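One structure is given below, encoded as structure tokens.
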Ligand SMILES: [Zn+2]
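Okay, structure coming up:
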């Protein structure tokens, strides 16, 4: 019996592959309502056309930044989008305020862009990306 051609992939890898293979229906990636609560600081809420509701806190979205730099940094350290960076053990830890945007603007009809309080603004959060991020949280 030959095992050639059989590929051993981790559960996580196969899950990731499946996610990429499955195209989402248009109603699942089209928002019916978007609420970005910058003043309240409660995060972003989207009601999708298919009736699903998603909510993310601002720190979660900051840690999920899809720009190339943040993506590479996550790949290197094995973090998932939205997973916070590990806090270094220090005797006198510096206080880091939770991430929040100072501005949010739509990019055409397909994405949202945030300008974060830390000055970072290169991440384009496509609605499809956000909807898949919702899947990660379930
Ligand atoms: Zn980024």
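Residue numbers (the working numbering): 15 to 152.
For every residue, glycine included, the Cβ atom is placed at its ideal position computed from N, Cα and C.
Just so you know, these numbers come straight off a predicted model, no measurement behind them.
- Contact residues of ligand 1 (beta-carbon closer than 5 Å to any heavy atom; chain order) are 79, 81, 84 and 137.
- Residue 48 and residue 115 have their C-alpha atoms roughly 15 Å apart.
- Here the C-alpha atom of residue 90 lies approximately 20 Å from the C-alpha atom of residue 134.
- Using a Cβ distance threshold of 8 Å, residue 138 and residue 73 do not count as a contacting pair.
- With fewer than 16 neighbouring CB atoms inside 10 Å of its own CB, residue 82 falls in the exposed class.
- Scanning 36, 45 and 38 for the CA closest to the CA of residue 120 turns up 45.
- For residue 59, the enclosing beta strand (DSSP E) stretches over residues 57-62.
- Taking a 10 Å sphere around the C-beta of residue 77, we find 16 or more other C-beta atoms and assign the residue as buried.
- Residue 136 and residue 105 have their C-alpha atoms roughly 33 Å apart.
- Checking the DSSP bridge columns, you'll see residue 119 partnered with 127.
- Closest by C-alpha distance to residue 70, out of 125, 93 and 57, is 57.
- Its chain contains 140 and 141 as the residues whose beta carbon lies nearer than 7 Å to that of residue 124, once the 5 sequence neighbours on both sides are disregarded; these appear in chain order.
- If you look at residue 46, you'll find it in the beta strand (DSSP E) that goes 45-51.
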